[in-house]
Structure formats: C-alpha cells, structure tokens
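Asker: Going letter by letter, the sequence shown gives residues 0 to 159 in numbering that gives the first Met the number 0.
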Amino acid sequence: MFHAADPSNDPSWSTKTTFPTPPSLIVLHELSFYFTSGTEAAASSQPTLSSYLDLVVNALAAASSLSKHPSNGTSTGVSLALFDSGMDTLRLPILKVPRLSHPHIEAPGEAPDEPRVEAVYQFVRKYFEFILEFTLEHYDEAPQSSTAPARKTVRLLRKD
C-alpha cells in the first residue's frame, strides 16, 4: 500500500520505500483475471461477488484515505480507475453454497445446489462516477486483408 510521509518529521522515511506525496491516480487492472484464471480450486476458495467488490471498495477507501494527505498544494485528491476487459462477461456467485459432507445428510444421487450467479458489472458500476465502454466490432464479411479496419465504439456514461 502507498504510504505518504513527511521526511522532516519521520526518521523512518526512505526515498526507496516511501513516496513524498500520494499518487494522483490508482489503477486497478484486469481484476476479473484473478477470478477466472487458475486450475479448479476447492469449493472453499471459490470467488464470490463480494470478494470482487471487496477489492474495489478497499481500493476506493485507500484512495479516499490518501486524498486526505496534503500533496504540495494540490487539492485534486487521489482518483481510482478500474480497467477490466472481462468484467462485462464475469458472473460470480453471491454466496458460497455450503457443502454437506456427512453421508447421513446427503441423499444418494442428489446433485448439490448451484449458487445463484450475478453479473459483476451491474454491481461495480454503482461505485464509479464515469463508465467508459469500449467495443470492437468486426464486419460481418471477412476482410480482404488482415489490415482491414474494424469498427471501434466508445461510450461514456455518467452516473445519475
């Protein structure tokens, strides 16, 4: 985590480990990768929607905390940006479904309940003031060459 210190008051301040001022921007990049990559994990370590939101909320809290430190006369504060190309397709369970392992409780041949999954995008967008959606659309017919341009669309949405 970032730490802002005043070298005149703090003898433990080191230019190698401490920034003299807070950063103006914190970037979270491809968080969905951490929730979709890897091998089949144990049920106890399966990610949930709340674990994704925890990362976002903790980053927002860190940005808010760092914004309270004076930064050489600038009063803009610390901003947070989230770049996640997989967020629009990422669906995570809201809760972990408890797994019963006692043979007298589980009925033979009974399939375990699947957790209800929700789109992460619908929840994360509530935490940000601006949302930029970028889409790359390929033409229906195959391009004549690999250098043929694709259509790019950018939409900027502002939270109401």
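We put the CB at the ideal spot given by N, CA and C, even for glycine.
1. Could you pull out every residue in the same chain whose Cβ sits closer than 6 Å to the Cβ of Arg-154, ignoring the five residues on either side in sequence?
2. For the beta strand (DSSP E) that Ala-118 lies in, which residues bound it at each end?
3. On a CA-only basis, which of Tyr-120, His-28, Leu-135 and Leu-24 is nearest Leu-81? Give me that one, please.
4. On the criterion of 16 or more Cβ atoms from any shown chain inside 10 Å, does Ile-91 qualify as buried, or is it exposed?
5. Who are the near neighbours of Gly-85 in its chain, counting only those whose CB is closer than 8 Å to its CB and skipping five residues on each side?
6. What does the Cβ neighbour count give for Ala-62, buried or exposed, with the cut at 16 atoms within 10 Å?
7. With distance defined between alpha-carbon atoms, name the residue in Thr-16, Leu-65 and Asn-57 nearest to Val-123.
8. Quick check on this structure: which residue in Glu-113, Lys-67, Pro-21 and Leu-59 has the alpha carbon closest to the alpha carbon of Lys-125?
9. What would DSSP say about Phe-34, mapped onto helix, strand or coil?
10. According to DSSP, is Val-123 helix, strand or coil?
11. Between the C-alpha atoms of Val-119 and Lys-95, what's the straight-line distance to the nearest angstrom?
12. Let me make sure I understand the geometry here. Which of Thr-75, Glu-117 and Lys-158 has the alpha-carbon closest to that of Asp-87?
13. Is there at least one non-hydrogen atom of the ligand PLP closer than 7 Å to the beta-carbon of Phe-32?
Answerer: For this structure:
1. Along the sequence shown, read from residue 1 onward, the residue named residue 154 stands at position 155. Correct list, in chain order: Glu-132.
2. The residue given as residue 118 occupies position 119 in the sequence shown. Counting along the chain, the beta strand (DSSP E) containing Ala-118 begins and ends at 116-118.
3. Looking up residue 81 in the sequence shown gives position 82. Leu-81 has its Cα closest to that of His-28, out of Tyr-120, His-28, Leu-135 and Leu-24.
4. Counting from 1 along the sequence shown, the entry for residue 91 is found at position 92. Checking the displayed sequence, the identity of residue 91 turns out to be Leu instead of Ile. It is buried - the Cβ of Leu-91 has at least 16 other Cβ atoms within 10 Å.
5. Reading the sequence shown from its first residue, position 86 is the one you call residue 85. Cβ within range, chain order: Glu-29, Ser-31, Phe-32 and Thr-35.
6. On the sequence shown, position 63 is the one that residue 62 refers to. It counts as buried.
7. What you label residue 123 is simply residue 124 of the sequence shown in a count that begins at 1. Per the Cα distances, Asn-57.
8. Taking the first residue of the sequence shown as 1, we reach residue 125 at position 126. The residue with the shortest Cα to Cα distance from Lys-125 is Leu-59.
9. Residue mapping note: residue 34 aligns to position 35 of the sequence shown, counting from 1. Reduced to three states, the DSSP call for Phe-34 is helix.
10. One-based indexing of the sequence shown puts residue 123 at position 124. In the structure shown, Val-123 sits in a helix (DSSP, three-state: H, G or I).
11. Residue 119 sits at position 120 when you count from the first residue of the sequence shown. Residue 95 sits at position 96 when you count from the first residue of the sequence shown. In a straight line, the C-alpha of Val-119 is about 15 Å away from that of Lys-95.
12. As a position in the sequence shown, residue 87 is number 88, starting the count at 1. With distances taken between Cα atoms, Asp-87 lies closest to Glu-117.
13. With respect to the ligand PLP, the structure offers nothing, as it holds no ligand at all.
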